[in-house]
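Input: a single structure, listed below in structure tokens.
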Amino acid sequence: MNNPFVTNGYAGEHYFCDRVEETQALIDLLTNGNNVALISPRRLGKTDLIRHSFAQPAINDNYYTFLIDIYATSSLQDFVNALGRSIIDALKPYGKKVLQRFVDVVTSLRPDITFDVFGQPSLGVSMGSVDKPETSIDEIFRFLENADCPCLIAIDEFQQIASYNDGANVEALLRTYIQRCRNANFVFAGSQRHLMDNMFTSPSRPFYQSVTLMNLKPLDLSVYRDFAVGLFAESGKTLQSEVVDRVYRDFNGVTAYMQRLLNVLFMRTAKGETCSADMISGAIDYTLDMASDTYEALLRQIPEKQRNVFMAIAAEGEVENVTGGAFARKYRLPSTSSVNSAIKGLLSKDFITQGKNGAYQAYDKLFALWLKRYIDTK
């Protein structure tokens, strides 16, 4: 690859850092009939861990694997559309026979599959008009149950179903089908810890005690340092270890941000040259400049009261008591009730997150850096 620091998707084992223990644990659980709830903050690499695990021979050679992202869904109908499309896309490489089997069972989705003269499938799916998603769910699970080899289904951002208008009913419906399906196991991946914890550890929820919980932590610094230095060396470049140490510290070990910065640093280091710590600030400025229009548009879309609270949290870095007098006075925030309302709105839109210590901080660390720069120029 021109640049080995991948910033979008899974590019294979060579460009995937570590997670040896987590990969083996996930494979062992799934291949021994367990369902798993994989929980971590966004951008820490849980989706790529799933892809990496699914690519290993123990799974790839013996299972149908499906990865469904439901972050943008808002109803059971949306969920069915995402599930159906993902299954069909994953089945394409297996050819006409397997696809036709899916079409024959899941008639309510009305997929339109044609084949060219070479027998290659061409797909057009009219799933946006599903009138009875409960019927489609029943048919999809019937296909999974009767598939000619076992299936593994990973549902990314699974906590999203809690926001559906009929979220409680959807949880109960899915739990019933999953419990009955003996030919499939599931990974429920989520980034909002409090919602995921409630779904799987609360006795009043349908998924209570139905999974093995896995919590993903940041990569070990020494392992990521060796990984990054090695990738530079493969291209005839030198990366000073202190660069990795500082990037790791500044971004709390969050994989996506480290990869993005090192991608830029790799791009700016010529073959035979050395990447040093004095290049970091320039790489950050470049990254923020490239994203500036996007961040400015996002900021304008946030309602004024939420925007003021968001900017105050970003400026502070981390805030434990958002309704405290000192914080409110410092940033001229309105009443306690107004701040609490703004916090709820920002949490629901993933602009901020709340850590285990209860402190609030901006979810997107690059956005937070851009905001500090934006505030300083005002």
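In numbering that gives the first Met the number 0, the protein residues as written are 0 to 377.
Each residue gets a CB set at the ideal place from its N, CA and C atoms; glycine is no exception.
If I follow the unbroken beta strand (DSSP E) through residue i, where does it start and stop?
{"i": "Phe65", "result": "63-68"}
{"i": "Ile160", "result": "Here Ile160 belongs to no beta strand (DSSP E), and DSSP marks it neither H nor E."}
{"i": "Asn184", "result": "183-189"}
{"i": "Leu212", "result": "211-214"}
Could you check where the alpha helix (DSSP H) with residue i kicks off and where it finishes?
{"i": "Val105", "result": "Neither: Val105 is in no alpha helix (DSSP H) and is coded neither H nor E."}
{"i": "Leu167", "result": "For clarity, residue 167 is Ala in the given sequence; the question names Leu instead. Unbroken alpha helix (DSSP H) run through Ala167: 166-179."}
{"i": "Gln76", "result": "75-90"}
{"i": "Gln300", "result": "279-300"}
{"i": "Asn31", "result": "Here Asn31 belongs to no alpha helix (DSSP H), and DSSP marks it neither H nor E."}
{"i": "Leu48", "result": "45-54"}
{"i": "Asn197", "result": "192-200"}
{"i": "Leu230", "result": "220-233"}
{"i": "Ala71", "result": "Looking at the DSSP string, Ala71 is not in any alpha helix (DSSP H), and its letter there is neither H nor E."}
What's the C-alpha gap between residue i and residue j?
{"i": "Thr30", "j": "Pro149", "result": "10 Å"}
{"i": "Ser361", "j": "Ile160", "result": "First, the residue type needs correcting, since residue 361 is Ala and not Ser in the sequence shown. Near 23 Å, if we compare the C-alpha coordinates of Ile160 and Ala361."}
{"i": "Asn320", "j": "Glu12", "result": "43 Å"}
{"i": "Val105", "j": "Gly235", "result": "53 Å"}
{"i": "Phe157", "j": "Met195", "result": "8 Å"}
{"i": "Tyr223", "j": "Asp103", "result": "47 Å"}
{"i": "Gln23", "j": "Arg372", "result": "42 Å"}
{"i": "Phe78", "j": "Ser135", "result": "10 Å"}
{"i": "Ala296", "j": "Ala290", "result": "10 Å"}
{"i": "Leu98", "j": "Leu90", "result": "6 Å"}
{"i": "Leu345", "j": "Leu218", "result": "28 Å"}
{"i": "Arg245", "j": "Ala183", "result": "43 Å"}
{"i": "Val169", "j": "Glu138", "result": "16 Å"}
{"i": "Ala232", "j": "Arg50", "result": "26 Å"}
{"i": "Asn356", "j": "His193", "result": "12 Å"}
{"i": "Val124", "j": "Leu108", "result": "Interpretation of Val124 is limited by its pLDDT of 46, a score under 50 that renders its predicted location unreliable; the figure taken from the coordinates is listed afterwards. Going from the Cα of Val124 to the Cα of Leu108 covers about 8 Å."}
{"i": "Tyr247", "j": "Cys180", "result": "42 Å"}
{"i": "Cys16", "j": "Phe226", "result": "6 Å"}
{"i": "Lys343", "j": "Lys131", "result": "33 Å"}
{"i": "Asn339", "j": "Ala167", "result": "25 Å"}
{"i": "Ala314", "j": "Ser190", "result": "24 Å"}
{"i": "Tyr176", "j": "Leu75", "result": "14 Å"}
{"i": "Phe185", "j": "Gln353", "result": "27 Å"}
{"i": "Val242", "j": "Met198", "result": "40 Å"}
{"i": "Ala269", "j": "Gly281", "result": "15 Å"}
{"i": "Thr238", "j": "Lys304", "result": "In the sequence as displayed, the identity of residue 238 is Leu instead of Thr. The alpha-carbon atoms of Leu238 and Lys304 are separated by roughly 44 Å."}
{"i": "Gly127", "j": "Ala71", "result": "Reliability fails at Gly127, whose pLDDT of 44 lies under 50, so the model's placement of it is uncertain and the value that follows must be treated cautiously. About 14 Å."}
{"i": "Leu143", "j": "Thr6", "result": "33 Å"}
{"i": "Asn2", "j": "Arg267", "result": "11 Å"}
Residue j and residue i - do their beta-carbons sit closer together than 8 Å?
{"i": "Tyr294", "j": "Val263", "result": "no"}
{"i": "Gly8", "j": "Thr254", "result": "no"}
{"i": "Phe187", "j": "Ile154", "result": "yes"}
{"i": "Phe206", "j": "Arg174", "result": "yes"}
{"i": "Ala36", "j": "Val210", "result": "yes"}
{"i": "Met257", "j": "Phe265", "result": "no"}
{"i": "Phe4", "j": "Leu215", "result": "no"}
{"i": "Phe341", "j": "Val308", "result": "Checking the displayed sequence, the identity of residue 341 turns out to be Ala instead of Phe. In this structure, Val308 lies closer than 8 Å to Ala341 by Cβ."}
{"i": "Ala311", "j": "Tyr330", "result": "yes"}
{"i": "Asn392", "j": "Phe53", "result": "Because the chain in this structure spans residues 0 to 377, residue 392 falls outside the shown range and cannot be described."}
{"i": "Cys287", "j": "Leu368", "result": "Reading off the sequence, residue 287 comes out as Leu, not Cys. Against a cut-off of 8 Å, the Cβ pair of Leu368 and Leu287 comes out as a contact."}
{"i": "Tyr163", "j": "Ser73", "result": "yes"}
{"i": "Gly252", "j": "Leu220", "result": "yes"}
I need the DSSP call for residue i, collapsed to helix, strand or coil.
{"i": "Ala361", "result": "strand"}
{"i": "Phe250", "result": "coil"}
{"i": "Leu332", "result": "coil"}
{"i": "Phe15", "result": "coil"}
{"i": "Val124", "result": "At Val124, the pLDDT of 46 sits below 50, so the modelled position is not reliable; the number obtained from the coordinates is stated separately. DSSP places Val124 in strand when its eight states are reduced to three."}
{"i": "Leu143", "result": "helix"}
{"i": "Ala349", "result": "Contrary to the premise, residue 349 reads as Asp rather than Ala in this sequence. Asp349 falls in the coil class under three-state DSSP."}
{"i": "Thr134", "result": "helix"}
{"i": "Met0", "result": "coil"}
{"i": "Gly153", "result": "First, the residue type needs correcting, since residue 153 is Ala and not Gly in the sequence shown. It is a strand residue."}
{"i": "Asn7", "result": "coil"}
{"i": "Thr22", "result": "helix"}
{"i": "Ala261", "result": "Just to set this straight, residue 261 is Leu in the shown sequence, not Ala. Looking at Leu261 - three-state DSSP - the assignment turns out to be helix."}
{"i": "Val318", "result": "strand"}
**Prompt:** Is the region 9-29 touching the region 138-147 in the sense that three or more CB pairs, one from each, lie closer than 8 Å?
**Reply:** no
**Item:** Stretch pair the region 60-70 + the region 79-93: three plus CB contacts closer than 8 Å
**Value:** yes
**Request:** Report yes or no: do three or more beta-carbon pairs, one from the region 299-310 and one from the region 271-278, lie closer than 8 Å?
**Result:** no
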